[in-house]
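*Asks:* Using numbering that gives the first Met the number 0, read the sequence shown as starting at 0 and increasing by one per residue.
Glycine included, each C-beta is placed from N, C-alpha and C at the ideal position.
Below are the structure tokens for one structure; questions will follow.
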Amino acid sequence: MGSPKGALNHNLGPATDSLRVWGKLRQPSIQARAGPSAQRPNRDVVMSRESLATQQAFVGLDPKAIKSLRGNQDFIKAEIPAALDAFYARVRDYPHTQAFFKDDGHMAAAAGLQEKHWATIASGVYGADYEAGVRAIGRAHARIGLDPSWYIGGYANVADHMVRAMVKAHWPGSEDGPVEGADEAGEAVSSFIKAAMLDMSIAITVYMDALQEERDRLEAIRAENEANQSALVHELRAALSKLAGGDLTSRITRKVSPEFEALQNDFNGATEALDGAMLNVALNARSIYQGVEEIRVDCEDLSRRTERQAATLEEAAAALEEITVTVRSSAAGSRKASDVVSEAKAQAEHSGVVVDQTVAAMGKIETSAGQIAQIIGVIDNIALQTNLLALNAGVEAARAGESGRGFAVIASEVRALAQRSADAAKEIKTLISQSARQVEAGVALVDQTGQALRGIVDKVMEIDQLVGAISVSSQQQSAALQEVNLSVSEMDRVTQQNATMVDKTTSSTQSLKGLAVDLRTLIRGFEITRRSGPSPARELQSQLQDQVQSAG
């Protein structure tokens, strides 16, 4: 049958496979420490992160081992109660482990649950139900505070009983009764498992102690960070309260842990930027107020000037209208004067013709006067001869006596008539002579008058030209003045519009001034960092107050 050692190795194969299932499947995966600050996986999520198949492969629970385990399933179920009885007997011997149970009934209930769990292990089926059971057991142990060393010790006790039973059951010749060497082999395997379990227990205990130390260290760091965070939050709350109250000088000055330095720097940077922005607002508000005040003064001055200009333009428009009317009337008068001068020119030319005709008529009168003088001379001669004849007739009548008396009377009358005719002819001749002299003088005067009229005609022609030029100039001036009048009217309208716009601008500057005063009031509510002198906001408030009082 071979050597006992070979038989032991051959027949312990199923037992060791079963032990892998009982021991290694029950132990949670433990991550090797990479250093004091290495992060460790949560034991509750190990199986969700690494598949159960991978775990099985790592512990060597391959299909052959599963087959072997299932082949010993009935044996395991039969031996587990005795193994659990031995385990709980050992639990009662130690107060630390006995403290986890209220009484024997509590132990019996736990033993019943463990028996079912071991049956599941022996079945070789590790599905969702198995995983849920393992998780429940692990959480229960964690909840009651069961140290892993006691937990591993419990497995060592159960494994001790099961190894001894399996060795005996599978030892060659065990069917015929007790076989020499089986107990020693079971004791050797059991002792090795116990020693391995003890070493694993100590290592896990050290590991857990190190974890606890790390947890304590992290807890201390967490407590310190929490204290720093609480202090920082308290100071931040106080700073934000001041900031909400308008104090822009609030800063976080206490030394904070490195992880909060960014928050401190961000807050201080934000308040510094806000402080600087408000300072710029204060300076700009001062400039705005000064500019608004200057605009207001300029607008009021412009308004007064615009009003004066509007009044002046209105007066100028009225004066230009009067001048336009006057020039228009003058143009009409010039046209009438031109017409009158033209008529005067025509009449003067006609008068010149009449004068020429008068001169000619006077010449004819002079000729007629000469002829009349000649006729008067003839008449005077006739009267002389008639007087001589009448004288002779009177002499002859006197000679005739009474018969010639009547003829003498007639002769006397004829002589009287002849005498009167002679006298009349003499007077007429005298008058004709005077008339001739006067006609001659009249001709000279008429000639002079003709010359004067011709000079008057020349002057009238010059006057007509001048009056025509004046008329044309007056019409041009009238048209130009009409355009000037229209331009002045347009200027007056634009000036009125400008005056309205200036009034609106003045009103707007008054409103803007009110806004600047409101801005001053808002700035007064902020405390700004004092930089080499009084706060610009306070200085601005004082200046605005003085300017408002002086402007009011």
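Taking all protein chains shown into account, do 16 or more other C-beta atoms lie within 10 angstroms of the C-beta of D274, making it buried, or fewer, making it exposed?
*Replies:* Per the 10 Å Cβ criterion, buried.
*Asks:* G268: buried (16+ other C-beta within 10 angstroms of its C-beta) or exposed?
*Replies:* Label assigned to G268: exposed.
*Asks:* With distances taken from CA atoms, which of I79, T357 and A397 is nearest D446?
*Replies:* Minimum Cα distance to D446 is reached at T357.
*Asks:* From the DSSP output, which residues share a beta bridge with E78?
*Replies:* None, per the DSSP bridge assignment.
*Asks:* Around the Cβ of I143, are there at least 16 other Cβ atoms within 10 angstroms (buried) or fewer (exposed)?
*Replies:* Result: exposed.
*Asks:* Suppose the cutoff is 8 Å on Cβ atoms and the five residues either side in sequence are ignored; what does the same chain contact list for A238 look like?
*Replies:* Only S249, R250, I251, F266 and T270 meet the Cβ criterion.
*Asks:* Where does D73 land, buried or exposed, given buried means 16+ other C-beta within 10 angstroms?
*Replies:* So D73 ends up on the exposed side.
*Asks:* For V552 and Q450, what's the separation of their Cα atoms in angstroms?
*Replies:* Residue 552 cannot be examined here, being either before or after the span of the chain that is shown, 0 to 551.
*Asks:* Rounded to a whole number of angstroms, what is the C-alpha to C-alpha distance between A139 and A110?
*Replies:* Cα-Cα distance, rounded: 15 Å.
*Asks:* Is the CB-CB distance between A141 and L68 below 8 Å?
*Replies:* Against a cut-off of 8 Å, the Cβ pair of L68 and A141 comes out as no contact.
*Asks:* Within the same chain, show all residues whose beta-carbon is closer than 7 Å to that of A345, passing over the 5 residues directly before and after it, in chain order.
*Replies:* Hits under 7 Å: none found.
*Asks:* Note the first and the last residue of the continuous alpha helix (DSSP H) segment covering D128.
*Replies:* Looking at the DSSP string, the run of the alpha helix (DSSP H) that includes D128 is A127 to I143.
*Asks:* The alpha helix (DSSP H) with R307 in it runs from where to where?
*Replies:* Per DSSP, R307 belongs to the alpha helix (DSSP H) from P257 to A399.
*Asks:* Give me whichever residues DSSP pairs with E526 in a beta bridge.
*Replies:* Per DSSP, D246.
*Asks:* Any idea what DSSP makes of V442, helix, strand or coil?
*Replies:* In the structure shown, V442 sits in a helix (DSSP, three-state: H, G or I).
*Asks:* By the DSSP assignment, the alpha helix (DSSP H) with W170 in it spans what residues?
*Replies:* That residue, W170, is in no alpha helix (DSSP H); it is neither H nor E in DSSP.
*Asks:* Run through the segment 422-476 for me and flag every whole beta strand (DSSP E) of 3 or more residues, listed as ranges in chain order.
*Replies:* Entirely contained in the segment 422-476, not one beta strand (DSSP E) run reaches 3 residues.
*Asks:* Quick one, which of S472, R236 and I220 has its alpha-carbon nearest R327's?
*Replies:* If we check each option's Cα against that of R327, S472 comes out closest.
*Asks:* For D246, I'd like the list of residues in its chain whose CB is within less than 7 Å of its CB, leaving aside the five on either flank, ordered along the chain.
*Replies:* Within the same chain, D246 has close Cβ partners E526.
*Asks:* Report yes if the C-beta distance between T504 and C298 is below 8 Å; otherwise report no.
*Replies:* Contact: yes.
*Asks:* Sorted by chain position, which residues of the same chain lie with C-beta nearer than 6 Å to I220's C-beta, five sequence neighbours on each side aside?
*Replies:* There are no such residues.
*Asks:* Just verifying my parser: in three-state terms, what is the DSSP assignment at Y93?
*Replies:* Here Y93 sits in coil by DSSP.
*Asks:* Is it true that the segment 460-472 meets the segment 338-352, where meeting means three or more beta-carbon pairs spaced less than 8 Å apart?
*Replies:* Flag = yes, the segment 460-472 and the segment 338-352 touch.
*Asks:* For the segment 327-338 and the segment 466-486, state whether three or more C-beta atom pairs, one from each stretch, are separated by less than 8 Å.
*Replies:* These segments touch.
*Asks:* How big is the Cα-Cα spacing for N484 and E306?
*Replies:* Answer to the nearest angstrom: the Cα atoms are 19 Å apart.
*Asks:* How is I251 classed by DSSP in three states: helix, strand or coil?
*Replies:* I251: coil per DSSP, three-state reduction.
*Asks:* Which residue wins for smallest C-alpha separation from T311, given the options D422, G70 and D491?
*Replies:* If we check each option's Cα against that of T311, D491 comes out closest.
*Asks:* Am I right that V291 and T508 are in contact with their C-beta atoms under 8 Å? What's the rounded C-beta distance?
*Replies:* About 6 Å; that satisfies the 8 Å criterion.
*Asks:* Any idea what DSSP makes of S402, helix, strand or coil?
*Replies:* S402: coil per DSSP, three-state reduction.
*Asks:* Would you mind reading off the limits of the alpha helix (DSSP H) that contains G123?
*Replies:* No alpha helix (DSSP H) holds G123; DSSP gives it neither H nor E.
*Asks:* By the 10 Å Cβ neighbour count, where 16 or more other Cβ atoms means buried, how is D61 classified, buried or exposed?
*Replies:* D61 should be labelled exposed.
*Asks:* Whether or not the segment 357-373 and the segment 438-445 are in contact is what I'm after, with contact meaning three or more pairs of Cβ atoms, one per stretch, closer than 8 Å; do they touch?
*Replies:* These segments touch.
*Asks:* So, is F559 buried or exposed, given that buried needs 16 or more other C-beta atoms within 10 angstroms?
*Replies:* In the structure displayed, the chain extends from 0 to 551; residue 559 sits before or after that span and is not available.
*Asks:* Give the range of the alpha helix (DSSP H) segment to which K63 is assigned.
*Replies:* Element bounds for K63: P62 to G70.
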